[in-house]
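Reviewing the structure listed below.
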Amino acid sequence: MQYNHQEIEKKWQKYWADQGTFKAENNSDKPKYYVLDMFPYPSGAGLHVGHPLGYIASDIYARYKRHKGFNVLHPQGYDSFGLPAEQYAIQTGQHPAITTETNIKTYRRQLDNIGFSFDWSREVRTSNPEYYKWTQWIFIQLFNSWYNKDTDKAEDIATLVAKFEAEGNTNVNAVSDEDITIFSAEEWKNFSDKEQQEILLQYRLTFLSDTEVNWCPALGTVLANDEIVNGVSERGGHPVVRKKMTQWSMRISAYAQRLLDGLQNIDWPQPLKDSQTNWIGRSQGAMVSFDVDGHDAKIDVFTTRPDTIFGVSFMTLAPEHDLVSRIVTDEQRKAVEEYIEATAKRSERDRMADVKTISGVFTGAYALHPFTGKQVPIWIGDYVLASYGTGAVMAVPCGDQRDYDFAKHFGLEIPNIFADVDISEKANDAKDGIKLANSDFLDGLNYKKGMKTVIYELEKRGFGYGKINYRLRDAVFSRQRYWGEPFPVYYKDGMPQMINAKHLPIVLPEVEKYLPTEDGKPPLGNAEVWAWDTTTNTVVENSKIDNETVFPLELNTMPGWAGSSWYFNRYMDSNNEGEFVSKEAVDYWKQIDLYIGGSEHATGHLLYARFWQKFLFDRGLLPVDEFAKKLINQGMILGTSAFVYRVEGTNTFVSKGLIGDKIVQPIHADVSLVNSSDELDIEAFKKHPLNVDFKGAEFILEDGKYIVGREVEKMSKSKYNVVNPDLICEEYGADSLRLFEMFLGPLEQTKPWKTSGISGVYSFLKKLWKLFTDENGINVSDAEPTKDELKTLHKTIKKVEEDIENFSFNTSVSTFMIAVNELTALKCNKRAILEPLLVLISPYAPHIAEELWSQLGHDESIATVAFPKFEEKHLVESSKNYPVSFNGKMRFTLELPLDMSKDEIEKTVMAHEKTQQQLQGREPKKVIIVPGKIINIVG
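Using the UniProt record's numbering, read the sequence shown as starting at 1 and increasing by one per residue.
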């Protein structure tokens with residue numbers, strides 16, 4: 001009976017789908033376990049063999065937990081909004097919904113081919129109106145909430161309005177905009193409706209503001225920092241500039257401390273936690289105000305070292321700082337404007353990373369030192385970011401390397417920070433009994449004491465105050481794109497109004513063009529039916545806008561991270577039409593128990609998702625404030641690229657071994673055109689559609705062959721080194737692919753792919769098949785297993801269970817191979833051994849396990865059969881294979897019971913024929929016996 005992987009895998013994939021084998025219930029007597037992968041964006045390229053690595057690991061664990069008696073939720077879906085589909089629509093005119101649907105079908109087929117145990121009945125797609133209806137609903141909840149510092153949580157905006165009505169905002173302790181105007185209850189009541197709405201926008205958790213953004217003119221949209229590489233857009237390589245735009249933002253900064261504290265309560269990789277900790281960037285120091293000489297203006301600076309204030313010799317503002325245009329002198333205006341224009345072309349990430357370039361321009365203005373009154377020149381420099389801190393730094397050249405380099409470069413003063421300074425009063429903090437001379441609190445060896453004193457003096461003089469600051473900025477939530485969630489917002493008298501939740505979803509309209517309009521509006525500005533009728537509560541033609549009952553709708557769409565910030569909760573109750581997730585479902589599943597995904601999402605998706613989770617928890621909509629208990633970052637599978645070498649300035653390619661001292665240009669070749677001996681199919685290379693320029697190329701061969709160069713690098717379509725899992729499944733089977741990807745190395749590590757290695761795993765599966773079968777079919781005995789067979793089984797159970805619990809899947813595969821080799825050598829075909837072995841291997845190779853299980857006479861799926869129980873007794877040795885030595889040299893071995901006494905061992909050994917042969921009638925001088933270890937006969 002032959003092992004036909006193609007037939008077997010199709011059969012069982014259909015069976016699982018038809019039977020709903022992996023469907024999870026929201027109520028069960030079993031304990032629950034929720035396993036999730038970060039859901040994929042369905043690109044047109046489909047999956048390559050690097051993509052399923054994390055999916056296979058999570059699937060093994062999900063299947064293992066089912067064997068362990070858990071009710072397992074293991075869903076899948078698609079992060080299906082995004083820029084790539086929109087760009088494709090711009091290029092081809094094809095609607096993003098069509099290309100997205102096509103791509104999803106490809107992904108689904110590929111995922112099914114690999115045999116994942118997903119509960120597809122819970123599938124979500126972020127671009128499905130039935131899904132983004134609830135993303136819009138969450139946005140409305142955020143809009144209708146504020147952050148109360150006293151209770152340290154988000155609350156309904158109505159409670160804030162009640163405070164305003166009762167006592168104004170004097171005693172309101174909220175996270176809000178910086179420039180809040182104080183008003184009384186009476187004043188609040190006298191404000192117009194618009195004025196009240198404007199004030200509330202300063203407190204809402206989602207709000208409109210003028211924000212510095214990364215604007216990409218070619219793509220017509222704002223880009224997040226992680227969508228920019230080396231100052232250009234990651235997609236298309238287009239220039240990106242900084243500009244101010246009115247954007248929706250999320251007040252994630254309100255949760256900064258809680259996001260930090262929560263990291264202590266989740267089992268996530270430490271490097272990922274460190275990334276979030278650094279991104280949030282908590283620092284303790286002081287806010288200091290410098291008056292601007294000759295202007296009614298102040299420059300606020302946050303510093304972690306207020307004790308260095310007497311070393312300040314200049315100030316640097318971010319080029320985008322609001323004050324720059326007000327304080328710049330006429331003499332310096334042209335230089336400043338040119339510098340600002342040049343800086344706008346650099347991304348924040350580039351500016352932060354560039355520690356070598358020194359650039360800046362003097363504004364011509366001066367600040368006044370808060371203690372000495374001395375003039376401090378004000379410069380602008382692109383190493384200061386408007387989005388970080390206050391967008392201004394007090395420069396202390398003798399205490400900071402970058403400030404020192406800047407001062408040296410421009411010939412600015414570098415004062416001695418430790419010199420005594422004459423100020424009107426000596427520092428004095430009666431509360432703590434600190435009395436210090438100026439030079440005392442400037443002593444760097446006692447800086448904490450000095451900081452405390454300076455902060456006290458700043459507060460006493462009204463120049464500043466102690467403050468905890470965070471690097472984390474409020475998140476821009478608007479995108480000038482078409483293919484994203486529409487905001488449930490219309491505008492009345494210029495103020496945003498939320499559409500009542502019962503009228504959701506607000507569905508994307510049809511547009512003819514996916515580019516921004518000619519006057520710079522987002523693509524939704526091209527829609528002709530995009531206005532809100534407040535009488536019919538429907539979307540109507542723009543021509544009906546009268547600003548009385550029909551109003552314009554928001555033209556921006558939400559960013560990609562909107563839908564991915566809560567999708568894991570929707571899986572708990574994905575078909576619920578009445579609420580985003582029912583209390584019953586969320587109380588049962590609570591949170592993800594195991595989340596697997598890439599480390600590149602550390603400060604994007606994972607941070608935003610934690611923020612939304614904490615918000616929904618505050619509002620009583622979720623039972624826990626962290627969405628994933630444990631997270632694992634899978635490593636990357638690298639591709640082995642192939643290179644051909646073109647002699648520079650010619651159309652001649654030279655084989656790798658003949659390069660010598662020639663100057664050559666390495667060019668990627670499609671790996672599918674290269675065989676296992678690194679030989680290029682030259683004719684196929686010339687005919688490849690991407691190589692039209694090389695049709696007439698000359699190839700210099702070595703021994704009649706063109707040998708390519710090889711290099712391990714990221715697997716990518718652009719490097720022509722991707723391996724399609726469809727081809728692997730076709731030739732070797734999905735079970736081979738699953739086992740091989742785990743066998744490559746530890747889950748978290750990066751490792752190279754080499755297709756030639758998969759044949760060994762395929763041979764192992766055929767060997768496993770032969771344990772159960774012969775030429776006539778299944779050949780299994782009901783005889784009692786031997787001691788050695790039980791030993792092999794139980795050491796395998798022990799090792800595999802330990803490995804799965806520790807996510808050491810690669811060593812499990814080795815264990816399976818050892819077990820099959822041992823059982824083959826023992827000629828084992830015992831049902832009592834082989835059935836438990838099948839259950840052990842089924843999470844890794846489910847198709848072959850299901851088939852053999854069925855062939856053994858079982859009607860039910862192997863998927864929920866109980867995991868075998870390890871019994872220690874089968875590993876306890878009852879005998880010892882002693883090495884028998886003569887004068888220290890081992891001559892033969894003898895297996896004896898471990899409970900034999902020394903005298904019994906000696907009698908048995910001395911009576912053995914091989915002992916008699918060695919002694920040849922001589923009496924030994926001594927017989928040395930260490931029970932359980934050695935036997936040595938000294939002649």
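Beta carbons: idealized from backbone N, C-alpha and C, even for Gly.
Small disclaimer: the values here were computed from a predicted structure and weren't measured.
query: If you drop the 5 nearest sequence neighbours on each side, which residues of the same chain put their C-beta closer than 6 angstroms to that of Gly484?
result: Closer than 6 angstroms at Cβ, skipping near neighbours: Phe81, Thr557 and Met558.
- prompt: If Phe463 and Val288 are in contact, beta carbons under 8 angstroms, what's the gap, nearest whole angstrom?
  reply: Phe463 to Val288, Cβ: 6 angstroms. Contact.
- prompt: Is the number of C-beta pairs between the region 838-850 and the region 70-79 that are closer than 8 angstroms three or more?
  reply: Contact fails: fewer than three Cβ-Cβ distances are below 8 angstroms.
Collapsed DSSP secondary structure at Ile60 in the structure displayed: Note: Ile60 maps to helix in three-state DSSP.
query: Residue range of the alpha helix (DSSP H) that Gln332 falls in?
result: Gln332: member of the alpha helix (DSSP H) spanning Asp330 to Thr343, first to last residue.
task: Quick one: residues in its chain with C-beta nearer than 8 angstroms to the C-beta of Glu713, no 5 flanking neighbours on either side, listed in chain order?
output: The answer, listed in chain order, is Leu638, Gly639, Ser641, Lys719 and Asn721.
- request: Apply the 10 Å Cβ neighbour rule to His321 and answer buried if 16 or more other Cβ atoms are within range, or exposed otherwise.
  value: Burial call: buried.
message: Measuring only the C-alpha atoms, how far is Leu838 from Gly77?
response: The alpha-carbon atoms of Leu838 and Gly77 are separated by roughly 30 angstroms.
- request: State buried or exposed for Gln136, treating a residue as buried only when at least 16 other CB atoms are found within 10 Å of its CB.
  value: Gln136 comes out buried.
message: Closest to Ala367 by C-alpha separation, out of Glu457, Lys889, Gly294 and Val624, would be which residue?
response: The residue with the shortest Cα to Cα distance from Ala367 is Gly294.
- request: In angstroms with no decimal places, state the Cα-to-Cα distance between Lys791 and Ile804.
  value: A straight-line Cα-Cα distance of about 20 angstroms links Lys791 and Ile804.
query: Can you tell which of Tyr588, Gly760 and Phe886 has the C-alpha that lies nearest to the C-alpha of Asp29?
result: Comparing Cα-Cα distances from Asp29 to each of Tyr588, Gly760 and Phe886, the minimum goes to Tyr588.
- request: Report, in whole angstroms, the separation of the C-beta atoms of Pro271 and Ser599, which I expect to be a contact under 8 angstroms.
  value: So it is a contact: roughly 7 angstroms between Cβ atoms.
- request: Could you spell out where the alpha helix (DSSP H) holding Phe617 opens and where it closes?
  value: His605 to Asp618 is the extent of the alpha helix (DSSP H) around Phe617.
field: Start and end residues, alpha helix (DSSP H) containing residue 979
entry: Outside the shown range of the chain (1 to 939) lies residue 979, about which nothing can therefore be said.
query: Taking Cβ to Cβ, would you say Pro397 is nearer than 8 angstroms to Ser313?
result: Contact: yes.
query: Contact between the region 809-826 and the region 734-748: three or more CB pairs below 8 angstroms?
result: Enough Cβ pairs lie closer than 8 angstroms, so yes.
- prompt: Tell me which same chain residues have a C-beta within less than 6 angstroms of the C-beta of Asn173, skipping the five on either side of it?
  reply: The answer, listed in chain order, is Lys149 and Asp150.
field: Residues bridged to Gly639 [DSSP beta-bridge criterion]
entry: The partner list for Gly639 (beta bridge, DSSP) reads Glu713.
- request: Look up Trp137 in the DSSP assignment and say whether it is helix, strand or coil.
  value: In this structure, Trp137 counts as helix in the three-state DSSP scheme.
message: I need the DSSP call for Leu385, collapsed to helix, strand or coil.
response: Leu385 falls in the coil class under three-state DSSP.
- request: Assign Cys828 to one of three DSSP states: helix, strand, or coil.
  value: Per DSSP, reduced to three states, the secondary structure at Cys828 is coil, with no helix or strand assignment.
- request: Locate the beta strand (DSSP E) running through Ile506, then write down its first and last residues.
  value: Neither: Ile506 is in no beta strand (DSSP E) and is coded neither H nor E.
task: Using three-state DSSP, classify Ser209 as helix, strand or coil.
output: In the structure shown, Ser209 falls within a strand segment according to DSSP collapsed to helix, strand and coil.
query: Name the DSSP beta bridge partners of Tyr78, please?
result: Partner(s): Arg125.
- request: Could you check what DSSP says for Val396 in three-state terms: helix, strand or coil?
  value: In the structure shown, Val396 sits in coil (DSSP, three-state: anything other than H, G, I, E or B).
- prompt: Terminal residues of the continuous alpha helix (DSSP H) containing Ile8?
  reply: First-last of the alpha helix (DSSP H) with Ile8: His5 to Gln19.
query: What do you get for Gln19, buried or exposed, if any count of 16 or more other CB atoms within 10 angstroms of its CB means buried?
result: Flag for Gln19 reads exposed.
query: Any idea if Tyr15 is buried or exposed, counting beta-carbon neighbours within 10 angstroms, 16 or more meaning buried?
result: Tyr15 comes out exposed.
- request: List the residues that DSSP assigns as beta-bridge partners of Trp215.
  value: According to DSSP, Trp215 bridges with Val222 and Val241.
message: So for Ser283, helix, strand or coil by DSSP?
response: Ser283 falls in the strand class under three-state DSSP.
query: Count the other CB atoms within 10 Å of the CB of Asp618; is the residue buried (16 or more) or exposed (fewer)?
result: Classified as buried, Asp618 has 16 or more neighbouring CB atoms from the shown chains inside 10 Å of its CB.
- prompt: Tell me, which residues are paired with Arg646 by DSSP?
  reply: BP columns for Arg646 point to Phe653 and Gln665.
- prompt: If we cut at 8 angstroms on Cβ distances, does Leu458 have a partner in chain D?
  reply: In the structure shown, chain D cannot be found, because there is only a single protein chain.
field: Span separating the alpha-carbon of Ile228 from that of Phe764
entry: Ile228 and Phe764: Cα-Cα distance of roughly 45 angstroms.
- request: Can you tell me the Cβ-Cβ gap for Ser387 and Arg251, rounded? I've got them flagged as a contact below 8 angstroms.
  value: No, Ser387 and Arg251 are not in contact; Cβ-Cβ is about 15 angstroms, not under 8 angstroms.
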